[in-house]
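Undergrad:
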Amino acid sequence: MRVNYQEKWNRRHGEAQDLGSPAQVLLRNLHLLPKSGRALDLACGRGANALLLAEQGLETHAWDFSSVALQCLETFATQRGLEVQVENRDVLASPPEPQSFDVILVSFFLERKLAPYLVKALRPGGRIFYQTFVRDVYLERGPSTPEWRLEKNELLELFRDLDIHYYREDGQAVSVPTEISDLALLVASRREGACH
Ligand SMILES: C[S@@+](CC[C@H](N)C(=O)[O-])C[C@H]1O[C@@H](n2cnc3c(N)ncnc32)[C@H](O)[C@@H]1O
Numbered sequence: 001m002r003v004n005y006q007e008k009w010n011r012r013h014g015e016a017q018d019l020g021s022p023a024q025v026l027l028r029n030l031h032l033l034p035k036s037g038r039a040l041d042l043a044c045g046r047g048a049n050a051l052l053l054a055e056q057g058l059e060t061h062a063w064d065f066s067s068v069a070l071q072c073l074e075t076f077a078t079q080r081g082l083e084v085q086v087e088n089r090d091v092l093a094s095p096p097e098p099q100s101f102d103v104i105l106v107s108f109f110l111e112r113k114l115a116p117y118l119v120k121a122l123r124p125g126g127r128i129f130y131q132t133f134v135r136d137v138y139l140e141r142g143p144s145t146p147e148w149r150l151e152k153n154e155l156l157e158l159f160r161d162l163d164i165h166y167y168r169e170d171g172q173a174v175s176v177p178t179e180i181s182d183l184a185l186l187v188a189s190r191r192e193g194a195c196h
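Here UniProt numbering is used: the first residue of the sequence shown is 1, the next is one more, and so on.
(1) Does the beta-carbon of residue 149 have 16 or more other beta-carbons within 10 angstroms, so that it is buried, or is it exposed?
(2) Taking residue 144 as the reference, which of 182, 116, 124 and 75 has the closest Cα?
(3) Hey, quick one: how far does the beta strand (DSSP E) through residue 127 stretch, first residue to last?
(4) Leaving out five residues on either side along the sequence, give the residues of the same chain with a beta carbon under 6 angstroms from the beta carbon of residue 180.
(5) I need the straight-line Cα distance from residue 132 to residue 61, nearest angstrom please.
(6) Determine whether the beta carbon atoms of residue 126 and residue 102 lie at a separation below 7 angstroms.
(7) Suppose contacts are defined by Cβ-Cβ distances below 7 angstroms. Is residue 19 in contact with residue 43 by that definition?
(8) Take residue 97 and list the residues in its own chain whose beta-carbon comes closer than 8 angstroms to its own, dropping the five residues that flank it on each side.
(9) Beta carbon of residue 129: closer than 6 angstroms to some heavy atom of ligand 1?
(10) Only counting runs of 4 or more residues, tell me where the alpha helix (DSSP H) segments fall wholly within the stretch 60-93, in order along the chain.
(11) Mind checking residue 46: buried by the 16 CB within 10 Å criterion, or exposed?
(12) Report all residues from its chain with a CB closer than 7 angstroms to the CB of residue 136; omit the five preceding and five following residues, and keep chain order.
(13) Rank 71, 59 and 113 by C-alpha distance to the C-alpha of residue 34 and give the top, closest one.
(14) Near residue 158, what residues of its chain come up, given a Cβ to Cβ distance below 7 angstroms and the 5 sequence neighbours on each side ignored?
(15) Within the same chain, show all residues whose beta-carbon is closer than 6 angstroms to that of residue 184, passing over the 5 residues directly before and after it, in chain order.
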């Protein structure tokens with residue numbers, strides 16, 4: 001039976017009580033954001049990261065294919081007096097256009113075939129902030145499907161054409177429970193003048 005993921009996500013976002021928390025990869029690396037520019041929260045969910053990007057003064061876009069999540073994000077943005085341009089968009093069918101963003105944030109969303117599109121979507125000097133679950137788990141949280149978890153060093157491999165500024169992988173070897181247990185976090189940028 002084919003799973004309708006869009007319906008599944010609408011249901012999950014509808015059941016959620018709050019906005020959720022911003023991604024650790026962003027919270028720990030706010031100093032690596034540019035002072036201005038165009039930012040994308042890709043597969044944004046209810047948009048805690050988009051709101052944080054907008055708060056930092058970036059022109060923020062937030063894409064997801066869950067209308068429920070986007071409605072929720074719009075409500076929170078209005079409440080906080082922030083501007084976020086939301087778009088109901090299937091990011092696999094319509095990835096971001098080449099050289100269209102200075103910042104791309106991806107949190108808890110793993111579609112490996114999108115990686116080359118994300119690299120190309122960065123403007124020269126643009127940065128990607130990425131975090132999601134690894135397979136080498138300590139706390140055993142996150143998706144049960146191994147395909148939706150990263151192999152060791154996999155983010156480094158997926159974004160090998162970029163310059164790495166920050167990388168951290170907290171799997172079993174770290175074995176201290178923290179908010180980044182079972183996660184890999186990466187910040188990397190496209191070289192000025194690079195033509196991927
Ligand atoms: C685990 S949630 C993460 C949400 C948010 N990034 C966060 O960190 O809280 C995954 C999100 O991806 C969205 N999603 C899944 N497949 C998608 C697709 N093909 N196009 C757009 N959004 C998608 C879901 O609707 C859901 O909001």
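Beta carbons: idealized from backbone N, C-alpha and C, even for Gly.
TA: Quick look at the numbers:
(1) Start at 1 with the first residue of the sequence shown, and residue 149 comes out as number 149. So residue 149 counts as buried.
(2) The count along the sequence shown starts at 1 and reaches residue 144 at position 144. Ranking 182, 116, 124 and 75 by Cα distance to residue 144 puts 182 first.
(3) Counting from one through the sequence shown, the residue named residue 127 turns up at place 127. Element bounds for residue 127: 122-133.
(4) Indexing the sequence shown from 1 puts residue 180 at position 180. Excluding sequence neighbours, residue 180 sits near 24 and 170.
(5) On the sequence shown, position 132 is the one that residue 132 refers to. On the sequence shown, position 61 is the one that residue 61 refers to. Near 20 angstroms, if we compare the C-alpha coordinates of residue 61 and residue 132.
(6) In the sequence shown, residue 126 corresponds to position 126, counting from 1. In the sequence shown, residue 102 corresponds to position 102, counting from 1. Yes, these two residues count as a Cβ contact at 7 angstroms.
(7) Here residue 19 is taken as the residue at index 19 of the sequence shown, counted from 1. Here residue 43 is taken as the residue at index 43 of the sequence shown, counted from 1. Contact flag unset, no.
(8) Within the sequence shown, residue 97 is the residue found at index 97, counting from 1. Hits under 8 angstroms: 121.
(9) Sequence index remark: in the sequence shown, residue 129 carries index 129 (1-based). Result no, Cβ not under 6 angstroms from ligand 1.
(10) 67-80
(11) By 1-based counting over the sequence shown, the position of residue 46 is 46. So residue 46 counts as buried.
(12) Stepping through the sequence shown from its first residue, residue 136 is reached at position 136. Same-chain partners within the cutoff: 152, 171 and 172.
(13) Reading the sequence shown from its first residue, position 34 is the one you call residue 34. It is 59 whose Cα lies nearest to the Cα of residue 34.
(14) Along the sequence shown, one-based indexing puts residue 158 at 158. Only 112 and 115 meet the Cβ criterion.
(15) The sequence position of residue 184 within the sequence shown is 184, counting from 1. 134, 150, 155 and 169.
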